[in-house]
Amino acid sequence: MKYKVIGLCMVCVIIYASILATPAEIREKKGRVHQHMVSGYDTGCDCDGSTLCTHLPLVIMDTGGQIIPGTPLFNQRDAFGQAIYSDAPDGQNTIQVNLSVIDQENRNNHPTDLPVFTTACRTHIRGNSSRRFPKHSYALKFLDKSGNANPQKVMGMSSHHEWVLNGPILDKTLIRNYMWYNISGEIMNYAPNVRFCELILNGEYQGIYLMTEEISEGEEGRLHLKMDVKNHRKTGYLLRIDRPTEEEYESVRDIYTYNERMLNIGTDVAIRYPGRQTLTPQLAKDIELDYSAFEKALFSFDYNTDEYAYWNYIDVDNFIDYYLINEFTGNSDACKYSTYIYKEVGEKYRLCVWDFNNSCDNYQERKTSIHGFGAVGQAWFFMLFKDEAFVEKVIERYRQLRESYLSEEYLVKYMDDTIAYLGPALERNNARWAREIEEWKPLLPKERNVQSYEEAVKKMKRWLIKRGQWMDRHIDSLRQYGHPSRNKVYNH
Numbered sequence: 266m267k268y269k270v271i272g273l274c275m276v277c278v279i280i281y282a283s284i285l286a287t288p289a290e291i292r293e294k295k296g297r298v299h300q301h302m303v304s305g306y307d308t309g310c311d312c313d314g315s316t317l318c319t320h321l322p323l324v325i326m327d328t329g330g331q332i333i334p335g336t337p338l339f340n341q342r343d344a345f346g347q348a349i350y351s352d353a354p355d356g357q358n359t360i361q362v363n364l365s366v367i368d369q370e371n372r373n374n375h376p377t378d379l380p381v382f383t384t385a386c387r388t389h390i391r392g393n394s395s396r397r398f399p400k401h402s403y404a405l406k407f408l409d410k411s412g413n414a415n416p417q418k419v420m421g422m423s424s425h426h427e428w429v430l431n432g433p434i435l436d437k438t439l440i441r442n443y444m445w446y447n448i449s450g451e452i453m454n455y456a457p458n459v460r461f462c463e464l465i466l467n468g469e470y471q472g473i474y475l476m477t478e479e480i481s482e483g484e485e486g487r488l489h490l491k492m493d494v495k496n497h498r499k500t501g502y503l504l505r506i507d508r509p510t511e512e513e514y515e516s517v518r519d520i521y522t523y524n525e526r527m528l529n530i531g532t533d534v535a536i537r538y539p540g541r542q543t544l545t546p547q548l549a550k551d552i553e554l555d556y557s558a559f560e561k562a563l564f565s566f567d568y569n570t571d572e573y574a575y576w577n578y579i580d581v582d583n584f585i586d587y588y589l590i591n592e593f594t595g596n597s598d599a600c601k602y603s604t605y606i607y608k609e610v611g612e613k614y615r616l617c618v619w620d621f622n623n624s625c626d627n628y629q630e631r632k633t634s635i636h637g638f639g640a641v642g643q644a645w646f647f648m649l650f651k652d653e654a655f656v657e658k659v660i661e662r663y664r665q666l667r668e669s670y671l672s673e674e675y676l677v678k679y680m681d682d683t684i685a686y687l688g689p690a691l692e693r694n695n696a697r698w699a700r701e702i703e704e705w706k707p708l709l710p711k712e713r714n715v716q717s718y719e720e721a722v723k724k725m726k727r728w729l730i731k732r733g734q735w736m737d738r739h740i741d742s743l744r745q746y747g748h749p750s751r752n753k754v755y756n757h
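Each residue of the sequence shown is one higher than the one before, counting from 266 in this note's numbering.
Now the structure itself:
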């Protein structure tokens with residue numbers, strides 16, 4: 266009996282020690298679902314093999330013979346200089362399709378299995394430059410029989426009617442968005458939840474896709490942006506900074522910001538929530554004035570004084586995490602395009618990550634160096650880094666994250682485990698897109714384009730490792746941006 270007690274105590278000590286050995290940040294964060302950590306690997310099944318058999322959820326979409334609109338029209342531009350996209354025959358920019366999701370628990374999925382749900386859906390090809398890619402991504406809006414929103418819980422994610430079906434092809438590893446949305450969701454207040462799946466469109470296999478939460482207001486998950494029930498002029502809101510398009514904004518600019526004028530960036534700030542149907546002119550003006558007050562404080566001489574300080578307007582920790590994630594990954598779009606900033610009722614501004622396809626040296630137009638701090642001068646960070654206290658917090662937070670979610674060990678293992686989870690689905694995807702993988706060379710210069718999946722993975726790992734090592738050596742040099750000698754004109 267004595268030895269049993271001693272043995273039990275030793276087991277408890279070992280378990281406790283293993284918990285302590287885990288970085289505190291990883292231990293404490295709960296609630297984020299990483300599909301590859303909780304779902305079963307493909308171990309096969311007893312089917313006859315006559316149809317697709319996969320451990321990933323299946324999305325089956327039937328357009329009824331319609332062509333999905335949204336492809337760029339050759340050499341046509343709108344009032345903002347952006348590409349004009351194809352419409353449906355009825356002039357709308359979406360079509361209605363039937364969509365089913367097959368997601369069996371504890372067994373493989375087949376196109377002949379009973380769906381967990383089937384819904385009508387409005388869809389179009391989405392993206393900017395990605396609309397020209399051979400593998401398309403789709404915006405999805407689920408509808409009921411009356412044409413109203415039809416929220417559905419999808420692959421374990423919170424119920425909603427708006428989704429993005431992302432088709433990775435520029436990213437030949439297929440895992441950038443999955444990996445960095447999930448890691449960002451562990452680090453930040455919120456990042457879109459994601460699940461790998463496979464798509465069958467009009468009976469034809471389309472490969473691996475990523476079902477992604479649209480950044481939007483949600484009852485159960487996503488962002489809590491509801492209007493104040495007692496005062497409809499008081500609301501949470503979501504803004505998107507991106508290239509303006511005539512189609513989306515109806516030739517009207519929502520907010521013309523000081524940030525845009527000063528940094529001379531060709532982007533627009535659009536109000537994404539409340540939606541167009543509920544966004545009154547007065548409410549739009551209230552949001553513009555609220556956002557302008559923040560920018561006025563940030564870009565003034567009093568930006569770091571208690572009375573007018575930027576920290577009265579923003580969640581400083583959130584901005585720091587957003588900066589570090591995008592700086593670490595070399596995400597060229599951050600703060601310029603596809604950038605989301607939101608404010609809940611009674612809260613401060615927060616940023617939300619979006620789109621890592623161009624990250625980790627995958628930007629089409631040029632190589633992304635492992636050297637330098639490119640995001641320091643972007644948007645709000647142009648001013649934030651002039652404050653020494655902000656810079657010190659950035660350096661401290663970076664060192665914390667390098668012991669947890671941004672550590673070399675964690676990142677390499679995350680990639681390996683995700684790839685192992687995808688298993689035979691990778692082979693099916695790469696077989697479906699074999700010609701495009703071999704012939705389509707979107708990265709410049711041409712020698713940056715890899716010839717195999719294994720080479721793409723090695724390239725991404727190598728870049729991340731070297732990037733982390735460079736930032737480890739140079740993170741302290743960020744102090745130059747906040748030094749008084751550099752910022753006399755901004756300080757009293």
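The beta-carbon is built from N, C-alpha and C at its ideal position, and this holds for glycine as well.
Residue i versus residue j: straight-line alpha-carbon distance, rounded
{"i": "Pro-457", "j": "Thr-477", "result": "7 Å"}
{"i": "Asn-577", "j": "Val-534", "result": "21 Å"}
{"i": "Glu-701", "j": "Asp-507", "result": "28 Å"}
{"i": "Asp-652", "j": "Ser-742", "result": "14 Å"}
{"i": "Asn-467", "j": "Asp-307", "result": "25 Å"}
{"i": "Val-517", "j": "Tyr-556", "result": "Residue placement at Val-517 cannot be trusted, given a pLDDT of 46 that sits under 50; the coordinates are not used to answer."}
{"i": "Ile-552", "j": "Pro-749", "result": "34 Å"}
{"i": "Ser-481", "j": "Lys-724", "result": "34 Å"}
{"i": "Trp-645", "j": "Val-581", "result": "11 Å"}
{"i": "Ile-325", "j": "Ile-465", "result": "5 Å"}
{"i": "Glu-719", "j": "Leu-548", "result": "51 Å"}
{"i": "Leu-666", "j": "Leu-379", "result": "43 Å"}
{"i": "Gly-356", "j": "Gly-335", "result": "12 Å"}
{"i": "Tyr-568", "j": "Arg-615", "result": "18 Å"}
{"i": "Val-270", "j": "Lys-678", "result": "Residue placement at Val-270 cannot be trusted, given a pLDDT of 42 that sits under 50; what the coordinates show is reported in the next sentence. Whole-angstrom Cα-Cα distance: 37 Å."}
{"i": "Ala-385", "j": "Thr-328", "result": "10 Å"}
{"i": "Gln-716", "j": "Glu-703", "result": "6 Å"}
{"i": "Arg-441", "j": "Gln-542", "result": "34 Å"}
{"i": "Gly-747", "j": "Val-656", "result": "7 Å"}
{"i": "Asn-358", "j": "Phe-407", "result": "16 Å"}
{"i": "Glu-479", "j": "Cys-310", "result": "33 Å"}
{"i": "Arg-342", "j": "Ala-699", "result": "32 Å"}
{"i": "Pro-689", "j": "Ile-635", "result": "32 Å"}
{"i": "Ala-558", "j": "Ile-579", "result": "12 Å"}
Cβ-based neighbour list, residue i, same chain, cut-off 6 Å, excluding 5 preceding and 5 following
{"i": "Trp-728", "result": "Cys-625, Asp-626"}
{"i": "Gly-486", "result": "Ser-423"}
{"i": "Asp-586", "result": "Ile-452, Met-453"}
{"i": "Cys-462", "result": "Leu-321, Pro-322, Val-324, Tyr-474, Met-476"}
{"i": "Ile-684", "result": "none"}
{"i": "Glu-484", "result": "none"}
Rounded Cβ spacing between residue i and residue j (contact assumed at less than 8 Å)
{"i": "Ser-252", "j": "Ser-395", "result": "This structure cannot settle anything about residue 252, because the visible part of the chain is limited to 266 through 757."}
{"i": "Glu-451", "j": "Tyr-670", "result": "6 Å"}
{"i": "His-426", "j": "Pro-433", "result": "Contact doesn't hold; Cβ gap of about 24 Å is too wide."}
{"i": "Asp-493", "j": "Met-420", "result": "The pair is not a contact, with the Cβ atoms about 33 Å apart (cut-off 8 Å)."}
{"i": "Gly-595", "j": "Thr-633", "result": "4 Å"}
{"i": "Thr-500", "j": "Val-362", "result": "Between Val-362 and Thr-500 the Cβ distance is about 32 Å, and since that is not below 8 Å, they are no contact."}
CB of residue i within 8 Å of CB of residue j, strictly
{"i": "Leu-503", "j": "Ile-473", "result": "no"}
{"i": "Thr-388", "j": "Ala-404", "result": "yes"}
{"i": "Ala-721", "j": "Lys-400", "result": "no"}
{"i": "Ile-536", "j": "Ser-449", "result": "no"}
{"i": "Met-736", "j": "Met-444", "result": "no"}
{"i": "Tyr-470", "j": "Arg-732", "result": "no"}
{"i": "Tyr-230", "j": "Val-659", "result": "Look at the range of the chain in this structure, 266 to 757, and you will see that residue 230 is not part of it."}
{"i": "Arg-662", "j": "Asn-447", "result": "no"}
Identity of the residue in the options nearest residue i by Cα
{"i": "Leu-364", "options": "Ser-423, Pro-376, Asn-358, Gln-357", "result": "Pro-376"}
{"i": "Pro-317", "options": "Arg-631, Asn-694, His-299", "result": "A quick correction: the sequence has Leu, not Pro, at residue 317. Nearest C-alpha to Leu-317: Asn-694."}
{"i": "Ser-351", "options": "Ile-325, Pro-380, Arg-391", "result": "Arg-391"}
{"i": "Lys-601", "options": "Cys-310, Asp-571, Val-641", "result": "Val-641"}
{"i": "Ser-565", "options": "Trp-428, Phe-647, Arg-441, Leu-435", "result": "Phe-647"}
{"i": "Ser-304", "options": "Ile-606, Leu-708, Glu-370", "result": "Glu-370"}
{"i": "Leu-709", "options": "Asn-374, Arg-631, Lys-491", "result": "Arg-631"}
{"i": "Ser-603", "options": "Cys-617, Phe-593, Val-610, Gly-595", "result": "Cys-617"}
{"i": "Arg-460", "options": "Ile-635, Ser-634, Lys-406, Val-429", "result": "Val-429"}
{"i": "Ile-520", "options": "Arg-297, Arg-372, Glu-560", "result": "Glu-560"}
{"i": "Gly-314", "options": "Glu-572, Asn-374, Gly-296, Ala-353", "result": "Asn-374"}
Cut-off 8 Å between Cβ atoms - residues of its own chain near residue i, not counting five sequence neighbours on either side
{"i": "Gln-745", "result": "Arg-751"}
{"i": "Phe-382", "result": "Ser-365, Val-366, Gln-417"}
{"i": "Asp-682", "result": "His-301, Met-302"}
{"i": "Lys-753", "result": "none"}
Cutoff 7 Å; reference residue i; Cβ partners in own chain excluding five residues on either side
{"i": "Asp-598", "result": "Asp-620, Asn-623"}
{"i": "His-739", "result": "none"}
{"i": "Asn-583", "result": "Met-453, Asn-454, Arg-615, Leu-616"}
{"i": "Phe-398", "result": "Ile-434, Leu-435"}
Residue i CB to nearest heavy atom of the ligand NAP below 7 Å
{"i": "Glu-560", "result": "Of the ligands one can find in the structure shown there are none, so the ligand NAP has no counterpart to examine."}
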